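Structure, as structure tokens:
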Amino acid sequence: MRKVTTIEIPIALINDEVIFTTWMNLYEAILNRPLYCKEEFGSELDLIHDPWWKTKKHVAATMYRLFSRYGNPR
Numbered sequence: 000m001r002k003v004t005t006i007e008i009p010i011a012l013i014n015d016e017v018i019f020t021t022w023m024n025l026y027e028a029i030l031n032r033p034l035y036c037k038e039e040f041g042s043e044l045d046l047i048h049d050p051w052w053k054t055k056k057h058v059a060a061t062m063y064r065l066f067s068r069y070g071n072p073r
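Residue numbers 0 to 73, in numbering that gives the first Met the number 0, belong to the letters of the sequence shown in order.
Rendered as structure tokens:
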């Protein structure tokens, strides 16, 4: 599976701050969403199969790729 950020971000998306900011705000909201408490799951294996856990994992990976490739290195 190819990741979008491994290819490139379209110039229109980079130049349009409203769209890019909206995406970053969405990613931030997903990462800040609390997970369930550990007692609700039988084990850690149940936790890693939770849809929100997977969503947060993929959002964090996408943000890492974005900032490592296009972020300010200073």
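Beta carbons are placed, not taken as given, at the ideal position from N, Cα and C, and that holds for glycine. Predicted model, so just to flag it, every value in this text is computed and none were measured.
Beta-carbon proximity of residue i to residue j, cut-off 9 Å
{"i": "Leu-34", "j": "Asp-15", "result": "no"}
{"i": "Lys-55", "j": "Ile-29", "result": "yes"}
{"i": "Tyr-69", "j": "Ile-10", "result": "no"}
Residue range of the alpha helix (DSSP H) that includes residue i
{"i": "His-57", "result": "50-69"}
Coarse secondary structure for residue i, derived from DSSP in three states
{"i": "Thr-4", "result": "For Thr-4, the pLDDT reaches just 48, beneath the cut-off of 50, and the residue's location in the model is therefore unreliable, although a value from the coordinates is still provided. Here Thr-4 sits in helix by DSSP."}
{"i": "Leu-46", "result": "helix"}
{"i": "Leu-75", "result": "The requested residue 75 is not part of the displayed model; the chain covers only 0 to 73."}
{"i": "Leu-34", "result": "coil"}
Supposed close pair residue i, residue j - CB separation, criterion 8 Å
{"i": "Phe-19", "j": "Leu-12", "result": "6 Å"}
{"i": "Leu-51", "j": "Arg-64", "result": "Residue identity differs from the one stated: residue 51 is Trp in this sequence, not Leu. Going by Cβ atoms, the distance from Trp-51 to Arg-64 rounds to 21 Å, so no, they are not a contact pair."}
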